[in-house]
Amino acid sequence: MNFSRLLLAIIFCGISTAASAEISFLSTIQNRLDEITSNRPSDHIATREMKAEKYSRPDTHAPAHLMGAHLHSPDEQMIEYKYMNMSMSGLFNGQTELTNAQVLDQFPMTMVVPEKMNMEMHMLHYMKGWTDDITLYVMPMWIVNTMEMTPYMDNGMGMKMPMASQRRTNSGFGDLPFGALWRVRSNEEENTELILNIGFSAPTGDIDGTTTSPMNPMMQIEYPYPMRLGAGTWMARPGITWNKYQEDSSVGVQLQTNIALGKSDAGYAPSDTYRLNGWYSKIFSEDKTWAYTLRMESIWASDFQGVDPQLETMAMGNPPMTIAQMNPAANGSFKGGQFLNFGYGMIKSLKDGSRLNFEITHPVHQDFHGLQMGTDWTIAASWSKSY
Ligand SMILES: [Cu+2]
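Just so you know, we're using our numbering here: the sequence shown kicks off at 422 and counts up by one.
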């Protein structure tokens, strides 16, 4: 071994010893700081127990219609099946419900009046804690849309006669929401937290499906907008949630958006929506496993941008009319509005760490841009389990 090598080895040893000394010094300092900031060890255990209790509280999950309002710890995952059903009926112009005769009178090109609609969603929600303050989620869904409508025939004397009602169903995978929930602030003393939702949805739902024309059984036409399975474009879904937990109750406020990032290949972008929610949950059973929830929701939905030429510019028949002129559900200028909903729910924590969550909502105010179907009620029911 020559001298320079020996020297190098000595220097290397010196550096590494100094470095390890530095590290142990730092860790000692860190331990001291931990001791000081955590007060007495018994406090630390008490806080941990409080946290464990909080996670089994039924109300750490928001009412069943909402998501993005809770996190999981890094070693925890959650799987949830959620069912949603939205029931619609009647055509509204602004805030007023119209009879079929009024629709035909005020919108004389109308040949098809949609009367009932049902939107069912089967969702699989998977969440995984990544760090203490970041949880990732993905939520594939299967959609079943059903619409009932009455087509009208001109009797040649300027009178429209109703034909037999018809029913159409469109089902398949919907869009794919995914993202990260980031707890940007939490206050252990006041039991509050602020959660950002950095969310998107991928346009996996089909918007080009076709069905038989209610006017002509020989003709295939594209589904009207509300029957389609997706947005047709990438959506940004940023949201923000604030939670506050008390002894046996909690409150939450959430703003959740759904914003089109472009137009679909079909030439349009659906409504951007902004949902502002406030809710109150109360644990009401002795064993603290039952909670009821009360919720109020405001929704603002924008107009569509652009139109689908298949529905709105391609004219057919004699006189030539577009599908949008014949069927208000296919008219892209009849979209958006302001809505106010009330929700009533129940959450139950089960022994195995799973949860049942149910909520029914109904509108107390609906103000549509143009002719649109009104909502009667929606339900959401879910079973979830953290492990
Ligand atoms: Cu979860």
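Every residue gets a Cβ at the ideal spot worked out from N, C-alpha and C, and that includes glycine.
Distance cut-off 7 Å: residue i Cβ against heavy atoms of ligand 1
i: H493; result: yes
i: M560; result: no
i: R742; result: For the sequence presented, residue 742 should be read as Met rather than Arg. No, Cβ of M742 sits at least 7 Å from all heavy atoms of ligand 1.
i: M640; result: no
i: M544; result: no
i: M767; result: no
i: M794; result: no
i: M636; result: no
i: M548; result: yes
i: M568; result: no
i: M499; result: yes
Nearest neighbour of residue i, chosen from the options [CA to CA]
i: P598; options: L615, R776, H546 and M639; result: H546
i: I781; options: T799, A751 and W603; result: T799
i: T531; options: L602, P749 and D773; result: P749
i: F763; options: H783, E614 and G626; result: H783
i: Y785; options: F760, V728, M574 and S685; result: Looking at the sequence shown, residue 785 is not Tyr but Val. The shortest C-alpha separation from V785 is found at F760.
i: F725; options: G766, Y689 and Q667; result: Y689
i: F513; options: V674, K537, N612 and F705; result: K537
i: A623; options: M560, M639, D629 and M584; result: M560
i: T743; options: K709, Q787, S634 and S670; result: S634
i: I564; options: S670, P647, Y713 and M636; result: P647
i: S477; options: K772, Q498 and S803; result: K772
i: L487; options: D629, N778, E541 and A585; result: N778
i: V672; options: A687, T714 and H543; result: T714
i: D526; options: G579, G653 and M767; result: G579
i: G758; options: M499, S770, I704 and D788; result: D788
i: N608; options: K665, E643 and F594; result: K665
i: D669; options: A490, I704 and K503; result: I704
i: L602; options: G727, K769 and S494; result: S494
i: A802; options: P479, T481 and A485; result: A485
i: H491; options: L617, G653 and P741; result: L617
i: G620; options: W655, T520, I500 and T613; result: W655
i: E614; options: M640, V533 and W663; result: W663
i: P529; options: M747, E610 and M505; result: M747
i: A585; options: E518, R604 and M574; result: M574
i: N566; options: S508, T517 and T710; result: S508
i: R589; options: E610, P645 and G600; result: P645
i: N506; options: E497, L519 and H543; result: H543
i: I628; options: V605, F594 and W711; result: F594
i: T625; options: R776, V533, K503 and S592; result: S592
i: R649; options: P741, L557, Y695 and L732; result: L732
i: K581; options: Y765, V605, V534 and Q498; result: V534
i: P768; options: A745, G753, S805 and K756; result: Pro is not the amino acid found at residue 768; the sequence shown has Ile there. Looking at the Cα atoms, S805 is the closest of the given residues.
According to DSSP, residues forming a beta bridge with residue i
i: A801; result: M505 and E780
i: N539; result: S508 and T567
i: L519; result: L512
i: H486; result: DSSP lists no partner for H486.
i: F789; result: G758
i: E421; result: Shown here, the chain extends from 422 to 808; a query on residue 421 therefore has no answer.
i: H546; result: E501
i: K665; result: T613 and V672
i: Q677; result: G660 and R696
i: L557; result: K549 and A601
i: T796; result: M509
i: G727; result: Y689
i: W711; result: K769
i: S807; result: M499
i: K703; result: S670 and Y713
heavy atom of ligand 3 below 7 Å from residue i C-beta
i: G791; result: In terms of ligand content, the structure shown lacks ligand 3 and carries ligand 1 instead.
Cβ of residue i within 8 Å of any chain B Cβ
i: T632; result: In the structure shown, chain B cannot be found, because there is only a single protein chain.
Item to complete: May I have a chain-ordered list of the beta strand (DSSP E) segments no shorter than 3 residues that lie completely inside the region 733-774?
Response: 758-770
Practice prompt. Take every Cβ of the region 644-660, pair it with every Cβ of the region 671-686, and state whether three or more of those distances are shorter than 8 Å.
Written response: yes
Worksheet item: At which residue ranges does the region 566-643 contain complete alpha helix (DSSP H) runs of 4 or more residues, listed in the order of the chain?
Response: none
Worksheet item: For the 8 Å Cβ check, are there 3 or more pairs between the region 786-794 and the region 734-743?
Response: no
Discussion item. Measuring CB atoms only, is the region 712-722 touching the region 688-704, in the sense that at least three cross pairs come out at less than 8 Å?
Written reply: yes
Worksheet item: Contact between the region 567-578 and the region 544-559: three or more CB pairs below 8 Å?
Response: no
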